[in-house]
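K.L.:
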Amino acid sequence: MHWWDSEIQKIATDSIHGATYLTYESIELVKKANKEELSQILPPLKAAQPYMASIYNFCRFIDKNRELFTPQLCDEWWRKFQEYDEEIIKKSANLLRDKRVLTHSHSSLVRKTLLQANPKEIICTESRPKCEGRELAYILQDSGVDVKLIIDAAVGLLIKKVDVIIFGADGLGEFGLVHKVGSYLMALAAKEARIPVVALVNPFKIWPKDFTLPPQPHKPADEIDGKIEAINLYFDVTPLNFINKIIS
Numbered sequence: 047m048h049w050w051d052s053e054i055q056k057i058a059t060d061s062i063h064g065a066t067y068l069t070y071e072s073i074e075l076v077k078k079a080n081k082e083e084l085s086q087i088l089p090p091l092k093a094a095q096p097y098m099a100s101i102y103n104f105c106r107f108i109d110k111n112r113e114l115f116t117p118q119l120c121d122e123w124w125r126k127f128q129e130y131d132e133e134i135i136k137k138s139a140n141l142l143r144d145k146r147v148l149t150h151s152h153s154s155l156v157r158k159t160l161l162q163a164n165p166k167e168i169i170c171t172e173s174r175p176k177c178e179g180r181e182l183a184y185i186l187q188d189s190g191v192d193v194k195l196i197i198d199a200a201v202g203l204l205i206k207k208v209d210v211i212i213f214g215a216d217g218l219g220e221f222g223l224v225h226k227v228g229s230y231l232m233a234l235a236a237k238e239a240r241i242p243v244v245a246l247v248n249p250f251k252i253w254p255k256d257f258t259l260p261p262q263p264h265k266p267a268d269e270i271d272g273k274i275e276a277i278n279l280y281f282d283v284t285p286l287n288f289i290n291k292i293i294s
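The sequence shown maps to residues 47 to 294 in the numbering used here.
Here it is in structure tokens:
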């Protein structure tokens, strides 16, 4: 066992936190390494959360700059990541002001944008099976925002009561937007109802053009039901033609 094995395993099995948090944890892990250890750390780290593009791109960046590697290089990449987020928040806030907004899952970038944008109303889905959308709703409510919580299956029923759907991103490729499972169905419903879908995508969450999405690992079935075989997948892919605007 190496010192990094348990830390990579912790990132790989984290089913609560989003891509931004786990990217930060990945950066902090790599900062503790020396140059000689990078060749053993980067491949399993890049594969730990294969549907989170920012981890992939961070590992790729460090690998390309291995000879120049220092902890400060990691910090510079993270600072740029945060700067991109701030730029997206500024671009997005006016778009959502005074709007009735529907969102899915718990994107930290979406959360910060909503808190700054002051929309008329926010509807959050529970985002099963881990219900991170419920956590987002609690945070927004505690901040004084008018927010309502719905079950995922109610999206089609309520879609015409909103002005816009806002998604974060775990990754973006030429194949589509990778986000919490259920996003694709929401986008389908939105297209039928003629409700615009907007995705907030940090440039560091965009995969290279030649990237191929690997098979998605299944998550523990007992998160859905412990008495019957269950298919538990966390992500889906929304084709780009179902997204009206990408803010990056």
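For each residue, glycine too, the CB sits at the ideal point set by N, CA and C.
Bear in mind that the values here come from a model prediction, so they are computed numbers and not experimental data.
To the nearest whole angstrom, what separates the beta carbons of Tyr-70 and Val-224, a pair I think is in contact under 8 Å?
P.N.:
Looking up residue 70 in the sequence shown gives position 24. Looking up residue 224 in the sequence shown gives position 178. With a Cβ gap of about 19 Å, Tyr-70 and Val-224 do not count as contacting.
K.L.:
Whose C-beta lies closer than 6 Å to the C-beta of Pro-175 among residues of the same chain, with five residues either side of it excluded?
P.N.:
Within the sequence shown, the letter at position 129 stands for residue 175. The answer, listed in chain order, is Glu-269, Ile-270.
K.L.:
Can you give me the start and stop residues for the alpha helix (DSSP H) that Thr-159 sits inside?
P.N.:
Numbered from 1 along the sequence shown, position 113 holds the residue referred to as residue 159. Per DSSP, Thr-159 belongs to the alpha helix (DSSP H) from 154-163.
K.L.:
Does the Cβ of His-152 have 16 or more other Cβ atoms within 10 Å, making it buried, or fewer, making it exposed?
P.N.:
The residue labelled residue 152 in the question sits at position 106 within the sequence shown. It is buried - the Cβ of His-152 has at least 16 other Cβ atoms within 10 Å.
K.L.:
Go ahead and label Ile-277 buried or exposed: buried means 16 or more other beta carbons lie within 10 angstroms of its beta carbon, across all protein chains shown.
P.N.:
Taking the sequence shown and counting its residues from 1, the one referred to as residue 277 is at position 231. Exposed, since its Cβ has fewer than 16 Cβ neighbours within 10 Å.
K.L.:
Check the C-beta distance from Asp-209 over to Lys-145 and give it rounded, since I have them as a contact under 8 Å.
P.N.:
By 1-based counting over the sequence shown, the position of residue 209 is 163. By 1-based counting over the sequence shown, the position of residue 145 is 99. Indeed, because the Cβ distance is near 4 Å, the residues count as touching under 8 Å.
K.L.:
Which residue from Cys-105, Gln-187, Glu-178 puts its Cα closest to that of Trp-253?
P.N.:
As a working note, residue 253 is residue 207 in the sequence shown. Minimum Cα distance to Trp-253 is reached at Cys-105.
K.L.:
Using beta-carbon positions only, say whether Ile-87 and Trp-50 come within less than 8 Å of one another.
P.N.:
Locating residue 87 in the sequence shown gives position 41, where the first residue counts as 1. Locating residue 50 in the sequence shown gives position 4, where the first residue counts as 1. Yes; because the gap between Cβ atoms is below 8 Å, this pair is in contact.
K.L.:
Three-state secondary structure (DSSP) at Asp-297?
P.N.:
Outside the modelled stretch of the chain, which goes from 47 to 294, sits residue 297, for which no answer is possible.
K.L.:
Are the region 74-86 and the region 236-244 touching, with three or more C-beta to C-beta distances below 8 Å?
P.N.:
no
K.L.:
Check whether the Cβ of Ile-135 lies closer than 8 Å to any Cβ atom in chain D.
P.N.:
Given the protein chain composition of this structure (a single chain), no chain D is represented.
K.L.:
So, for Ile-134: in the same chain, excluding its five sequence neighbours on each side, which residues have a beta-carbon less than 6 Å away from its beta-carbon?
P.N.:
Residue numbering aside, residue 134 sits at position 88 when the sequence shown is read from its first letter. Closer than 6 Å at the Cβ level, and outside the excluded window around Ile-134, lie Leu-246, Ile-293.
K.L.:
Return the CA-CA distance between Leu-160 and Leu-148, expressed in angstroms with no decimal places.
P.N.:
As a working mapping, residue 160 is identified with position 114 in the sequence shown. As a working mapping, residue 148 is identified with position 102 in the sequence shown. Cα to Cα, the separation comes out at about 11 Å.
K.L.:
Taking Cβ to Cβ, would you say Glu-171 is nearer than 8 Å to Asp-188?
P.N.:
Mapped onto the sequence shown, residue 171 falls at position 125. Mapped onto the sequence shown, residue 188 falls at position 142. The sequence given here has Thr at residue 171, not Glu. No, these two residues do not count as a Cβ contact at 8 Å.
K.L.:
In its own chain, which residues sit with a C-beta less than 7 Å from the C-beta of Leu-68, not counting the 5 before and 5 after it?
P.N.:
On the sequence shown, residue 68 is found 22 positions in, with the first residue counted as 1. Take Leu-68, set aside five residues on each side of it, and the residues of its chain with a beta-carbon closer than 7 Å to its own are Ile-57, Asp-60, Gln-95, Met-98, Ile-101, in chain order.
K.L.:
Do you know whose CA, among Ala-93, Val-156, Tyr-230, Lys-291, lies nearest Gln-262's CA?
P.N.:
By 1-based counting over the sequence shown, the position of residue 262 is 216. Among Ala-93, Val-156, Tyr-230, Lys-291, the Cα nearest to that of Gln-262 belongs to Ala-93.
K.L.:
Taking its Cβ as the centre, do 16 or more other Cβ atoms sit within 10 Å of Asp-121, making it buried, or is it exposed?
P.N.:
For the purposes of this step, residue 121 is taken as residue 75 along the sequence shown, with counting starting at 1. By the neighbour-count rule (16 or more Cβ atoms within 10 Å), Asp-121 is not buried but exposed.
K.L.:
May I ask you to report which of helix, strand or coil DSSP gives Ile-270?
P.N.:
Looking up residue 270 in the sequence shown gives position 224. Here Ile-270 sits in coil by DSSP.
K.L.:
Let's test the definition: count the other Cβ atoms within 10 Å of the Cβ of Leu-142 and tell me whether it reaches 16, buried, or not, exposed.
P.N.:
Along the sequence shown, one-based indexing puts residue 142 at 96. Classification of Leu-142: buried, given that the 10 Å Cβ count is 16 or more.
K.L.:
Expressed to the nearest angstrom, what Euclidean distance is found between the alpha-carbon atoms of Ile-212 and Ile-168?
P.N.:
Counting from 1 along the sequence shown, the entry for residue 212 is found at position 166. Counting from 1 along the sequence shown, the entry for residue 168 is found at position 122. Distance between the alpha carbons of Ile-212 and Ile-168: 10 Å.
K.L.:
On the premise that Lys-291 lies in contact with Ala-244, defined as a C-beta separation below 8 Å, what is that separation, rounded to the nearest angstrom?
P.N.:
Here the question's residue 244 lines up with position 198 in the sequence shown. Here the question's residue 291 lines up with position 245 in the sequence shown. Ala is not the amino acid found at residue 244; the sequence shown has Val there. Contact flag correct, Cβ pair sits at about 5 Å.
K.L.:
Going by beta-carbon coordinates alone, are Gly-228 and Val-283 separated by less than 8 Å?
P.N.:
Here the question's residue 228 lines up with position 182 in the sequence shown. Here the question's residue 283 lines up with position 237 in the sequence shown. Their beta carbons are not under 8 Å apart, which means Gly-228 does not touch Val-283 by this criterion.
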